[in-house]
Each structure stands twice: as structure tokens, then as C-alpha cells.
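Residue numbers (UniProt numbering), protein chains in the order written: chain A, 1 to 502; chain B, 1 to 502.
The beta carbon of each residue, even a glycine, is placed where N, CA and C say it ideally should be.
Keep in mind it's a predicted model, so treat the numbers as computed, not measured.
Written out below as C-alpha cells is the structure these notes cover.
Number of protein chains: 2
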Amino acid sequence: MALEKHGKAIDLSHHLSDLSRARGTSPLKGLIKYVTKPGTISLAGGMPHPSYFPYADISANALASDNFALEPTRPDSSVSWFWKLFGAGSSKEKIMPITIPKCPSQADDINLAVSLQYGTAQGLVQLQEFLKELVGKVYKPAYSDWTTLVQTGNTDGWSRALQTLCNPGELILTEEWTYPSALANSQPFNIFPVPIAMDSEGMRSDDLRKVLSEWDETARGGKRPHVMYTVPVGQNPSGATMGLERKKEIYDICVEFDIIIVEDDPYYFLQEGQYKPKSERSSQSAHKDPGDFIANLVPSYLKVDYQGRVIRLDTFSKTIAPGSRLGFFTCNPRFAERLERHGETTTQAPCGFGQSLITQLLKSWGYEGYTRWLHGLAVQYTGRRDYIIDCFAEEFHLRSSIGTTGIWNGLEVYDLYAKPKRNASGLEKFDFGPKLISFVPPTSGMFIWKVMRNLSRRNSSLSWPRVESSLHLVGSSLRRITSWTAVKGTFGYPFPTLTSMH
Amino acid sequence: MALEKHGKAIDLSHHLSDLSRARGTSPLKGLIKYVTKPGTISLAGGMPHPSYFPYADISANALASDNFALEPTRPDSSVSWFWKLFGAGSSKEKIMPITIPKCPSQADDINLAVSLQYGTAQGLVQLQEFLKELVGKVYKPAYSDWTTLVQTGNTDGWSRALQTLCNPGELILTEEWTYPSALANSQPFNIFPVPIAMDSEGMRSDDLRKVLSEWDETARGGKRPHVMYTVPVGQNPSGATMGLERKKEIYDICVEFDIIIVEDDPYYFLQEGQYKPKSERSSQSAHKDPGDFIANLVPSYLKVDYQGRVIRLDTFSKTIAPGSRLGFFTCNPRFAERLERHGETTTQAPCGFGQSLITQLLKSWGYEGYTRWLHGLAVQYTGRRDYIIDCFAEEFHLRSSIGTTGIWNGLEVYDLYAKPKRNASGLEKFDFGPKLISFVPPTSGMFIWKVMRNLSRRNSSLSWPRVESSLHLVGSSLRRITSWTAVKGTFGYPFPTLTSMH
Numbered sequence: 001m002a003l004e005k006h007g008k009a010i011d012l013s014h015h016l017s018d019l020s021r022a023r024g025t026s027p028l029k030g031l032i033k034y035v036t037k038p039g040t041i042s043l044a045g046g047m048p049h050p051s052y053f054p055y056a057d058i059s060a061n062a063l064a065s066d067n068f069a070l071e072p073t074r075p076d077s078s079v080s081w082f083w084k085l086f087g088a089g090s091s092k093e094k095i096m097p098i099t100i101p102k103c104p105s106q107a108d109d110i111n112l113a114v115s116l117q118y119g120t121a122q123g124l125v126q127l128q129e130f131l132k133e134l135v136g137k138v139y140k141p142a143y144s145d146w147t148t149l150v151q152t153g154n155t156d157g158w159s160r161a162l163q164t165l166c167n168p169g170e171l172i173l174t175e176e177w178t179y180p181s182a183l184a185n186s187q188p189f190n191i192f193p194v195p196i197a198m199d200s201e202g203m204r205s206d207d208l209r210k211v212l213s214e215w216d217e218t219a220r221g222g223k224r225p226h227v228m229y230t231v232p233v234g235q236n237p238s239g240a241t242m243g244l245e246r247k248k249e250i251y252d253i254c255v256e257f258d259i260i261i262v263e264d265d266p267y268y269f270l271q272e273g274q275y276k277p278k279s280e281r282s283s284q285s286a287h288k289d290p291g292d293f294i295a296n297l298v299p300s301y302l303k304v305d306y307q308g309r310v311i312r313l314d315t316f317s318k319t320i321a322p323g324s325r326l327g328f329f330t331c332n333p334r335f336a337e338r339l340e341r342h343g344e345t346t347t348q349a350p351c352g353f354g355q356s357l358i359t360q361l362l363k364s365w366g367y368e369g370y371t372r373w374l375h376g377l378a379v380q381y382t383g384r385r386d387y388i389i390d391c392f393a394e395e396f397h398l399r400s401s402i403g404t405t406g407i408w409n410g411l412e413v414y415d416l417y418a419k420p421k422r423n424a425s426g427l428e429k430f431d432f433g434p435k436l437i438s439f440v441p442p443t444s445g446m447f448i449w450k451v452m453r454n455l456s457r458r459n460s461s462l463s464w465p466r467v468e469s470s471l472h473l474v475g476s477s478l479r480r481i482t483s484w485t486a487v488k489g490t491f492g493y494p495f496p497t498l499t500s501m502h
Numbered sequence: 001m002a003l004e005k006h007g008k009a010i011d012l013s014h015h016l017s018d019l020s021r022a023r024g025t026s027p028l029k030g031l032i033k034y035v036t037k038p039g040t041i042s043l044a045g046g047m048p049h050p051s052y053f054p055y056a057d058i059s060a061n062a063l064a065s066d067n068f069a070l071e072p073t074r075p076d077s078s079v080s081w082f083w084k085l086f087g088a089g090s091s092k093e094k095i096m097p098i099t100i101p102k103c104p105s106q107a108d109d110i111n112l113a114v115s116l117q118y119g120t121a122q123g124l125v126q127l128q129e130f131l132k133e134l135v136g137k138v139y140k141p142a143y144s145d146w147t148t149l150v151q152t153g154n155t156d157g158w159s160r161a162l163q164t165l166c167n168p169g170e171l172i173l174t175e176e177w178t179y180p181s182a183l184a185n186s187q188p189f190n191i192f193p194v195p196i197a198m199d200s201e202g203m204r205s206d207d208l209r210k211v212l213s214e215w216d217e218t219a220r221g222g223k224r225p226h227v228m229y230t231v232p233v234g235q236n237p238s239g240a241t242m243g244l245e246r247k248k249e250i251y252d253i254c255v256e257f258d259i260i261i262v263e264d265d266p267y268y269f270l271q272e273g274q275y276k277p278k279s280e281r282s283s284q285s286a287h288k289d290p291g292d293f294i295a296n297l298v299p300s301y302l303k304v305d306y307q308g309r310v311i312r313l314d315t316f317s318k319t320i321a322p323g324s325r326l327g328f329f330t331c332n333p334r335f336a337e338r339l340e341r342h343g344e345t346t347t348q349a350p351c352g353f354g355q356s357l358i359t360q361l362l363k364s365w366g367y368e369g370y371t372r373w374l375h376g377l378a379v380q381y382t383g384r385r386d387y388i389i390d391c392f393a394e395e396f397h398l399r400s401s402i403g404t405t406g407i408w409n410g411l412e413v414y415d416l417y418a419k420p421k422r423n424a425s426g427l428e429k430f431d432f433g434p435k436l437i438s439f440v441p442p443t444s445g446m447f448i449w450k451v452m453r454n455l456s457r458r459n460s461s462l463s464w465p466r467v468e469s470s471l472h473l474v475g476s477s478l479r480r481i482t483s484w485t486a487v488k489g490t491f492g493y494p495f496p497t498l499t500s501m502h
């Protein structure tokens, strides 16, 4: 593959949907040329005066970027670890107060007069600047005129990307197992997914090539897809993480078959590395500092995207909070312009309360601070991932083996059995009982994916991709089959309360 | 018209679009039945733990609900009035501090652990309760099972209503002049508007009946519309306000022809009444208290909607701030359910920062406080409306006459001429020059609509409705033609700075 770095994006506008092509410029924005004409005094649009915003200022006790330590915690027991994670820890928070005044003191201060006013679908200028810096330094796109554009989270992002690229009735490429809400978005448009086989790195390039090169319109019931939806890091639901080489292979195939890649990447900064059993775990940090942490993350598709055919979806849902309803596209300027037009007729700008509180925090932290926050967060999630698997190891009998089929192939698979029960006379029955679940510790993201092995056969490539459906049932099975009285949790929340389980 | 009040909504699901019918239940929400099954321990969805939200708490110096006086201000001069409105007033703000902690002290406290977490597209429970109370008390819908549902502002609201009701290629009913952004939303779907003639109350019922009863599919190029988009209060751009009788007439026609009314009503609480010249203005308040103010607002279409065929769009953009990106539908439960499904695949819940700061304010104010705030706001906007027209009267020569055609018919129309200029010798030339603009003082909303009289002819009913396009040009014309050095502003913002105009 020839990486012609830092050229401009090629013209990919033939991928735009009929709907997207039909979108005009916002009629009110069309007036701007008159308003900015010398001699014109704007009598304004329907903008309330800021004195009528019922907030004189907004402030927050935000957390410092180094609130979470970078050293892995090594608990003496599950319970102490538990309390460290969920107990009195909040009293030790490092607080960094921020305030957003109604009016700015300095010209570029974030202020409510602007952030609570009507704004463009591009969002606050200060946020745009931060995102530009972040994308440039972390993802290093391989073409020069990439653009960022805010959205209200990756659900909105995927919804807009889908409608910008696909006409009703088209087919899209997805992983064999994929995120159910992504399909809920495309299904009402009669846009159906074409599943591509997976392995431990997620989508397989060999199967992608096979599907595309052997495409039969009649058998498939539609034209060869020109859009791919993929979750390459902390793949939902498998937890797989795709490295640079695989991404290059897939990207080159997408160049060859002229496919746009929509890279939905909410878990990018939650890369946790390989799980090691407690006894084998190092007390060393995996990365010496945030710079080292960022440098060792698997690269985004943007890193290999020399043509501008990737629409990357980033969200603050996992790194700040889901209620942020704030995320951003990174893509070529032509697509960004169309995505912005779509935003103008739906969400307009993201919420000004959220934009200003998040942007003020990001500005106060700075790029260095934000990467420190992300590094701390990754250490936390790694600890949580390790913790729940440690708990499985303590409460159940775990046997490991090397998988041989499908996505398990070559991976260390953990099979989980109930521990021996004591009978009425107090004697142990040395019967491990049936295998309860099998899982592969995830390397990124928030999920331990449990699959009954006999369900892991690959679907035929024409069928609907399978979606994660049984995660919530694990607890049920466990409770039914064993005497285990405490589910030890997931990476996420809610964490079941201890009292209800004893 | 037989008002069968407080029955349930009739089944209007035949109005749903193909897209809306095709939407399934959210697949993750489909799991809830398993999670809530006794014996199941949820291992949770992808929800970050709240300790990872980098805000320990959020607070605001909000304004008290009685921040703005209820008595009309009677300035001695334009300039003192000006400074009262835009000058040092902010130092006299009545502050009401609010705080949103991460964790609740009381079970129903608004808190960041919930509001910054993933939530349903129904929004915060406390906000739902407030909206239910507000709609019940202010709009008094004429059927019993009406429902409210949050959205992210009326642009999102109209976008969702449009896609829930209309298939591409359909026609919709609108006022003869209408809001350009509403058309920007429908146009990419090849959904075209059918303009209905207007008068001083907005859409005319006689023309509506004529258009519908004489509908000719061949001549019109499509089926008779089944959806109406209307701005009945502070109509955009005319500023017209529709009373109860006209609404009843139009509603009955919509029952007869089976039409769904989408009532876009951002200016509902900015009802200002008739403009009176300064010399004739009373020092009395128009309404004795907020209860009286609310009781005297023209009723919403909901008041006559005994079948549940109105989708009302409310927004906090004009009453709190545009950056709120928060509003709500009021409609029948079947439509609400479909609108919610749409929301799940786009915005999800509105931003949690905005939801919690706004809901906390509304809860702190209470219903009584919020209506007090709205009453104060209406007095302010009435003052601004009066002020700018007073300024026109001071700086220009105004002549009033009774309009005879189209939307001007029977209304007091103001024609605006340049004042006599002094020539070099100091003598006045008693030449009023050409008429600059004509306008009718608005009775609601934020806009003074200026129309060149020779442009006010009605479009043929098949043509595209005309959209407001020249508001921003008024200042330009004025500056060019006259020696006037200060544009006195609109109701809105930005208010040109004084210094730049002297």
C-alpha cells in the first residue's frame, strides 16, 4: 500500500445519498452575506437577549486530570478492592473548580451569552479548536484537509452518516456480530447488513475480500455495499481490538472496492491490553506517562486514510459522561459539510450547557491534562476488567484452553464451572458440574462477552449479523445453577449493591 | 363543533409514515424484560460508573422567578430606556443559587449520577412531571390520554414529526408565508408545502376549506395533504396571533378532512397584545398577576383537540435559552411512542447537563414561579416591541392607515418615511421622501415584519410559500437613505453597540 500522506482528500461525493444531495444551504444562513455587507446593520434573527437567560453563571467542581492514579492497584482481597472502587473514594477526589460567566472577560473566554445563544451546528469555536488539536495529535490523519464536526453522540453520528451515505434499500458491511443499536438505526430504512467473519482482531480482511470479490447481486438481493460500519476497538460485543496491520489490509480493500468506512470508536481510550491472572500480574504501570499511553494505543483508521474515505465517530460518552450527548465526526470536508447541513435541520448545535461545561473542562485541562485523564481512566477500566475476572477465578473453577474455531481460534479461552458443593454431611462432591460459560478476556472496552460455545458457529454470510443478547442473562444462569451470592460486576454500572446480595 | 372533552384520543395511526411504522423497539430495551425478571442479576449495559464523570457537582447562580418586574417601564427618553434594558441592569439581578450534586440526598433529587448517565429518550423523570403539570394547567388538552415527550428543540421536534407522519413526495399544508427552516427540513425529502392564505390572525380557515375541498390530484401533482405545519402565535414571519375561534374553525376542517396539525409554538408565552403609541399607553399592567397572564393567553390548538390530532411543539429556546436545545411534544400516546423510537436512534435523551440545570431551575421555581418568570418575560418583550416602534416614531415620520389587501386587510399599517433633512443653510426641506417600509406592529413573538407593500400580493396557491427574507436588510436601507445614526434594535439580540452607531 502506498501511503501518500498529507495530500488532500480525493473526491468521494459520488457516495452521497439522494437525501444528502437534496439538502440545500440553510435559508437563514444564506442571509449572512447580506448581514456582513458593509453598511448593513443586522436587526438580528430570533435571538433572545442574554439578559433573559435565567443563569448569571454556571460553575462546577470538576475533577483534576490526575484524579486517578496511574499505578495499577493491587488489592489484598476482592472486598478491599471492591471498597476502593465503590466506597469512600469520592472523599479523596481532587477538585478543580470551573466557572462559566454570562459575559466573557477575555475575548475568547467561554461564556453563556454565546453558548446559550443560537449557534451554528459546528458548535463552540473553542471546542472546535480543542478537537482539531486532539485529532491531529492522537489520530494523525494521513491526509491534510480533514475536518472535525460536533454531533450529539455516536448514535446521532451514525444516524447522520448513514443517511448521508446510504439510500433506502442498500446493503452495508458490518462485523459478523455487531452493535444492535446500529442496526436499529438502519433497519427502518430497509438498509440491511452484510456480515463479515471475525477473529480475535474483529473483522477479517480475507472474508471481506471474499465477500466483495464474489459479490452476486442476484443472490445477495442488492448492489455491492459501498459503506462499512465497524467498531474496531473494544468491538461490540466481542471486545476485540484491531491492530494497524489489519486496518491497513481492510483499508486497502476499501480503496480497491471504493468503500466508505464509518469507524464507530467509543472505546478507543479504554484499551486495556491482555488480561493476566492475578498471580502473574506486574506491579509496573503498562505505560510510563500519558504520552507513552497515547503513543501505544492501536492507531485509528484515520492513520491509514490517505484518501479521506473514513468517517470516524468519537464520543465523550465513555470518557466524560454519556449524558454529555456530545461527540464528533472526523472526515473529509465535503462529507463534513453535508453532515453539518443534516445537523442544522435536526439537533442544530449540541446543548450549550453541556458544550460550555465540557469545553471549559477540556480547556482547563488542556491537551496534556485530557490525555492524563484518559490514561487514568484506562488504568481504572483495566483494574475493573482484571477485578471481575479475578472474582470469577475465586468464586468459580476456571479452566483455560486455546480456542480452535471462529473468533476463538488461537485465543486463550476461559471455561467457567461451578465449584464443588458441600453436601449435608459436609463432604465435598468433587464434581465440577456442567460448564457454565466460556469467555475471552477483552482487550478493550467495557464488556466481558460470554458466549455458549455451541452458539459460536459462524452465520452464513447472507444472514443477519448476530447481536449481543445474552450478557444480562449471565447473572441469571449463575444464580440458578450455583450458590454464588454476589455478582461481582462488570466494568460498568450499575454495580449491584452488596447488601441486596448477601 | 361538539367538544367531546376528556375522552381518549382516537386511533390516528393510519397517518404514520412507512419509515415510522418500520421502526422496531430498541433491541437493548427489549432485554429489559429479562433484567427485571426475579432471579436475574443484571451485569449492566455499557454504562460508565458515575465516579468517572469528571464533575463532583454542578451549580449555577440562577435568576429568581421575579427577576423582572411586572409593571411596564415608562422611560423619560429612549436613551434612559435603552440603558435600563441593556446597561447596568445586570447588577440588580435577583439571584437564586441551585446545585446539582453527583449523588442524591433524597430519592427524587436531581443528580449527576442519573442525569449524566445513559437515560431513556423520555428524559429525566422530574422533567417529565413538570411538563405534565405545565401542559395540564396551561394548555388544558381536550382529551384525556395526551402525553409529553422531550426533544432537543422545535427544529428536532418538527424533523421528527415530519418523518413520523410523511412519506417522501407528499404535500403538507402551511401558511402562505412560513418559517424557512421548516421548509429546509422537508425539502430534501421532496415534501412540498401547499400555502394557505393568511390574514391578521394567520392561516385563513376559508382558504383552507377551499384548498382541501377543491383538491385536484392531477393539477396539484399529489394527494391531498394529511399534515399541516403551522405557527399560530407570533407567526413567523408576520407576527400574527390566532385566537380560539379561528383555531376551532381550522380544527373542525382538519377533523373533516382527517388532517394532523403540527403546532409549532415557540412564541406562545411572548404574547404582547396590541401596540399603542407612547402617548396613548397605560401605566397599568396588562395582567394583574401570572395567573391572570396565563389565563389570558390565546389557547393552544390542544384546547380544542378532542381527538388527539395535534402534535404540539414547545421549546425552551425563547423562555430559558436557545442553547438549552430542549423542548417537548404534546400529542397522543401512539404518536409519542413512535416519536420516542425515532429519538432513540438519533439524539437519545437530551443533554444531561442541560436537562439537570433546567429541571432543577424549574423545580426550584415551581409551576407558580415559572409562570411568574414567563409573565415577567412577556412584559419585557412587550417593552422591547413598544420601544423599537417608539424609536421608529421618533427617528422617522410614521403615518398610519388601515390596510385593505391580503394580510393587511383591516389592520393598522404603519408607513415609515425619512424625516425632513436640513440643507447646508440650516433650512428644512419639507419633503418626506419616498416611503421606506411598511409594517404592522406584531402582537406576539420577536419580529417586526417589514414588507414592501408591492411585495405583499398573495402567491398563487400552488406556488412555494414565501419566506421571510428581508428582515436583515431594513437596517441597510435605513442607513443608506437616511442620516439616522443609531439602529434602535429589535426585540432580540444582538443589540448593536451604541458606540459603533454614533
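- In terms of Cβ geometry, B/P322 and A/Q151 do not form a close pair [threshold 7 Å].
- In terms of Cβ geometry, A/V310 and A/D264 do not form a close pair [threshold 7 Å].
- Of all residues in the segment 247-278 of chain B, only P266, Y267 come within less than 9 Å of chain A when Cβ atoms are compared, listed by chain position.
- Within the segment 124-155 of chain A, T152, G153, T155 place their CB atoms closer than 7 Å to a CB of chain B, listed in sequence order.
- Residues of chain B with a Cβ closer than 8 Å to the Cβ of A/I95 are, in chain order, A56.
- Short of 7 Å from the beta carbon of B/L149, and not among the five residues preceding or following it, lie these beta carbons of its own chain, in chain order: Q122, F328, F329, A336, L339, E340.
- Within the same chain, Cβ atoms closer than 7 Å to the Cβ of A/P266 are found at N154, T315, S317, K318, the five residues on either side in sequence being excluded.
- The three-state secondary structure of A/E133, taken from DSSP, is helix.
- If you compare the alpha carbons of B/W365, B/I320, B/Q348 with that of A/R325, the shortest gap goes to B/Q348.
- Contact fails between the segment 199-210 of chain B and the segment 180-187 of chain B, because fewer than three Cβ pairs, one in each stretch, are under 8 Å apart.
- Positions of the alpha helix (DSSP H) runs, each at least 4 residues long and wholly inside the segment 147-193 of chain B, are given as 154-165, 180-186 in order along the chain.
- The CB of B/C351 comes closer than 8 Å to the CB of T152, G323, S324, R325, L326, P350, C351, F353, G354 in chain A, given here in chain order.
- A/E344 and A/G410 have their C-alpha atoms roughly 48 Å apart.
- Spanning the alpha carbons of B/P168 and B/F189 requires a straight line of approximately 5 Å.
- The straight-line gap separating the alpha-carbon atoms of B/M47 and B/V114 is approximately 11 Å.
- Here B/P225 is not near B/L297, since their CB atoms are 7 Å or more apart.
- The segment 379-394 of chain A and the segment 302-309 of chain A do not touch, with fewer than three beta-carbon pairs separated by less than 8 Å.
- The Cβ atoms of A/I358 and A/I320 lie closer than 7 Å to each other.
- Contact of B/W373 with chain A by beta-carbon distance below 8 Å involves P54.
- Against chain A, the CB of B/S159 has a partner CB under 7 Å away; the residue lies at that interface.
- For B/Y370, no Cβ of chain A is located within less than 7 Å of the residue's own Cβ.
- Contact with chain B is found for A/P48, since one of that chain's Cβ atoms lies less than 7 Å from the residue's Cβ.
- Judged by their CB atoms, A/Y229 and A/T174 are nearer to each other than the 7 Å cut-off.
- B/L165 is outside the set of residues whose beta carbon lies under 7 Å from a beta carbon in chain A.
- In terms of beta-carbon proximity, B/Y301 stays away from the interface with chain A, with every pair separated by 7 Å or more.
- Restricted to the segment 229-283 of chain A, the alpha helix (DSSP H) segments that are unbroken, complete and at least 4 residues in length are 244-256, listed in chain order.
- As the crow flies, the alpha-carbon of B/S20 is around 26 Å from that of B/I250.
- Under the 10 Å beta carbon count, B/E394 is surrounded by fewer than 16 other beta carbons and is classified as exposed.
- For the C-beta of B/A393, not a single chain A residue is nearer than 8 Å; the gap to the nearest is close to 17 Å.
- Only residues of its own chain outside the window of five on either side were considered, and among them S65 have a CB closer than 7 Å to the CB of B/G369, listed in chain order.
- Per the C-alpha coordinates, the member of B/I10, B/P441, B/K435, B/F396 positioned closest to B/E412 is B/P441.
- Counting along the chain, B/V440 sits inside no beta strand (DSSP E), nor does DSSP assign it H or E at all.
- Between B/A56 and B/K102, the CB-CB gap stays under 7 Å.
- With a beta-carbon spacing of about 7 Å, B/V227 and B/I259 fall inside the 8 Å limit used to define contacts.
- Rounded to the nearest angstrom, the gap between the Cα atoms of B/K363 and A/G308 is 48 Å.
- Annotation: B/A336 is outside any beta strand (DSSP E); the continuous alpha helix (DSSP H) that includes it extends over 333-344.
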